[in-house]
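Written out below as structure tokens is the structure these notes cover.
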Amino acid sequence: MKIKSAEFVVSNTNVINCPKERIPEYAFIGRSNVGKSSLINMLMERKDLAKTSGKPGKTQLINHFKINNEWFLVDLPGYGYAQVSKKKRAKFQGFIEYYFKEREQLVCAFILVDSRHNPQKIDIDFMQFLGENQIPFCIIFTKADKLSSSKLGKQITSYKKELLKYWEELPMSFVTSSTNKQGKEEFLKFIEKVNEDVGPNFK
């Protein structure tokens with residue numbers, strides 16, 4: 001897939017106000033500081049489509065971007081640590097869960113995890129939430145360039161072994177780096193294939 005256009009459409013905190021167009025939608029979410037904005041910008045070949053920041057918790061809204069006039073990329077607030085109040089974090093959690101449960105156009109969620117870290121309970125819990133609500137998702141291992149190939153392989157194998165304690169079958173996963181563009185072509189091919197498969201359902 002070649003990215004011909006990537007346009008910001010709307011930001012909000014209510015799924016009711018999300019775009020009404022019947023086209024496939026993909027949501028990106030993960031713990032704060034997992035490299036989500038950098039990854040989105042790399043995949044979309046833009047420098048500042050998603051706002052990056054050294055301060056965790058920068059994304060605080062449901063952000064819709066229309067890609068190639070064919071599908072929506074949705075940038076969601078990170079969960080877990082963020083320099084915001086408990087009240088605001090609870091608000092994030094509320095509208096994020098409502099989005100996942102109610103958004104009919106959503107065809108796949110991408111759960112970003114830092115490849116350098118061991119499995120975190122908050123990530124596992126969120127995957128469980130998606131599974132319980134029958135929401136398809138893939139795991140995106142980020143920051144692969146920060147590890148040697150051998151260490152990276154061991155880390156991902158360990159992560160998958162941990163997931164098998166909770167899942168009979170592992171979800172699809174991608175290994176990525178926003179620095180050297182690792183995983184970009186594979187990732188975009190996946191979206192292209194899913195768009196082809198689900199397209200008739202949106203007519």
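Here the sequence shown is numbered in the numbering used here, starting from 1 and rising by one per residue. We put the beta carbon where it would ideally sit given N, CA and C, even for glycine.
Asked                                                                                                                                        : Found
Check I122 in the structure and name its three-state DSSP category.                                                                          : helix
Bridge partners of Y79, per DSSP?                                                                                                            : R31
Does the distance between the C-beta of K151 and the nearest non-hydrogen atom of the ligand COA fall short of 8 Å?                          : Although the ligand COA was asked about, the structure shown includes no ligands whatsoever.
Pick out the complete beta strand (DSSP E) segments inside the region 130-161, 3 residues or longer, and give them in chain order.           : 137-142
Within 10 angstroms of its Cβ, does E25 collect 16 or more other Cβ (buried), or is it exposed?                                              : buried
If I follow the unbroken beta strand (DSSP E) through E186, where does it start and stop?                                                    : From DSSP, E186 is part of no beta strand (DSSP E) but of the alpha helix (DSSP H) over 184-198.
Can you name the residues that DSSP bridges to I207?                                                                                         : The chain is shown from 1 up to 203; residue 207 falls before or after that span and cannot be answered.
Could you give the distance in angstroms between the alpha-carbon of F122 and the alpha-carbon of K151?                                      : The identity of residue 122 in the sequence shown is Ile, whereas the question assumes Phe. Near 23 Å, if we compare the C-alpha coordinates of K151 and I122.
Looking at C-beta atoms only, is the number of pairs between the region 37-45 and the region 171-186 that lie closer than 8 Å three or more? : yes
Check for me: the alpha helix (DSSP H) holding I40 runs from which residue to which?                                                         : 36-43
For Y26, write down the residues that DSSP places opposite it in a beta bridge.                                                              : L73, C108
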